[in-house]
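Mapping of the sequence shown onto UniProt numbering: position 169 corresponds to residue 344, and the numbering continues sequentially without gaps.
From the three backbone atoms N, C-alpha and C, an ideal C-beta is built for every residue, glycine too.
If you're wondering where the values come from, they're calculated on a predicted model, not measured in any experiment.
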Amino acid sequence: LSSGTRMGPLTGRKVLISAGGTREPLDPVRFLGNSSSGKQGVALAAAARRAGAEVTLLAAHMDVAPPAGVKVIPTPTAADLQAAVTKQAPSHDVLIMAAAVADYRPESVAEAKMKKGPGENSLTLTLVENPDILAEAVAKRNAKRRPSQRKKPRPRLIAGFAAETGDKEHSVLEYGQAKLEKKQCDLLFVNDVSGGAGFGRDDNAVTILALDQDTPVAEVAGSKDDVAETMIRTIADRL
Ligand code: CTP
Ligand code: CA
């Protein structure tokens with residue numbers, strides 16, 4: 176054990192966590208971004224560390240500093256994050272995708288700073304879809320699975336997040352369940368963001384869904400640290 180490693184439910188485990196919001200460049204000084212603060216991902220990294228894990232944080236844009244004792248790899252764009260997950264995931268026991276990945280990126284990045292055209296009072300951007308990093312990580316892990324082996328290949332547990340709002344047709348949990356089935360990750364942390372909860376705040380309310388279970392595993396509300404603690408405990412219990 177390296178110095179500073181504590182004994183806990185995740186001692187000897189390697190945990191990979193993405194956090195923050197990706198920024199998709201338009202030109203050398205401009206980007207399309209989102210308001211993810213990185214707080215929940217950073218709280219998860221700290222909780223995993225407290226539980227004894229060796230933690231790697233894939234950091235997109237974050238408003239908060241990463242916790243001490245954690246290896247940080249900067250991943251500003253979705254493409255950077257995809258490359259880092261592809262490289263790092265097979266050597267980690269757990270992958271948690273807490274980053275807010277931009278669904279689309281500008282089709283092309285201007286080499287020089289874009290100029291306003293004379294008389295142009297509107298601008299149309301063409302965006303292209305980013306790869307689904309979470310779904311891709313699950314598919315790669317599952318492709319390595321051999322029925323003869325009881326032990327799952329790494330990452331043995333893959334967790335995602337879903338920030339949802341309910342509407343007339345479906346509840347937040349119904350949307351969460353649909354997302355879990357689409358992504359096929361082992362755990363999904365579902366966040367009701369109807370009232371603006373979650374983003375940028377210090378508290379959070381999350382329902383934990385599991386692919387192998389019809390009813391929610393846990394419901395937890397409180398500070399992002401409290402929520403992270405429960406998430407990490409749930410993960411440790413299932414490894
Ligand atoms: N995610 C990802 N790659 C993407 C988009 C999302 O890995 N290109 C991950 C997020 O990190 C999160 C989970 O997928 O863990 C769910 O993200 P979300 O934005 O809720 O899902 P989407 O599939 O993008 O669906 P939506 O249309 O609701 O945005
Ligand atoms: Ca999305």
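Beta bridge counterpart(s) of LYS291 as assigned by DSSP: Paired residue(s): none; LYS291 is not in a bridge.
May I have all residues whose beta carbon comes closer than 7 Å to any heavy atom of ligand 2, sorted in chain order? VAL276, ASP278
Do ILE308 and ligand 1 come close, with the Cβ less than 7 Å from some heavy atom? yes
For a test of your reading of the model: does the CB of residue 415 fall under 7 Å from any non-hydrogen atom of ligand 1? Yes or no. The structure shown does not extend to residue 415, since the chain spans only 176 to 414, so no value can be given for it.
For MET182, count the other beta carbons within 10 Å of its own beta carbon; 16 or more makes it buried, fewer makes it exposed. Which is it? exposed
How long is the line joining the alpha carbons of ALA237 and ILE271, rounded to whole angstroms? The sequence given here places Met at residue 237; Ala does not occur at that position. Distance between the alpha carbons of MET237 and ILE271: 16 Å.
Please classify THR299: is it buried, with 16 or more other beta-carbons within 10 angstroms of its beta-carbon, or exposed? An exposed status is given to THR299, since fewer than 16 other beta-carbon atoms sit within 10 Å of its beta-carbon.
What are the boundary residues of the alpha helix (DSSP H) that includes LEU363? Counting along the chain, LEU363 falls outside any alpha helix (DSSP H), though it belongs to the beta strand (DSSP E) covering 362 to 367.
With contact counted as at least three CB pairs below 8 Å, one residue from each stretch, are the stretch 187 to 205 and the stretch 222 to 230 in contact? yes
Output the distance between the C-alpha atoms of GLU311 and VAL204, rounded to the nearest integer angstrom. For GLU311 and VAL204, the distance between alpha carbons rounds to 30 Å.
Check whether the stretch 292 to 306 and the stretch 237 to 250 are in contact - that is, three or more C-beta pairs closer than 8 Å. no
Who pairs with LEU219 in a beta bridge, going by DSSP? Beta-bridge pairing links LEU219 to no other residue.
Mapping the DSSP letters down to three states, classify GLY335 as helix, strand or coil. Secondary structure of GLY335 (DSSP, three-state): strand.
Where ARG320 sits in the DSSP three-state scheme: coil
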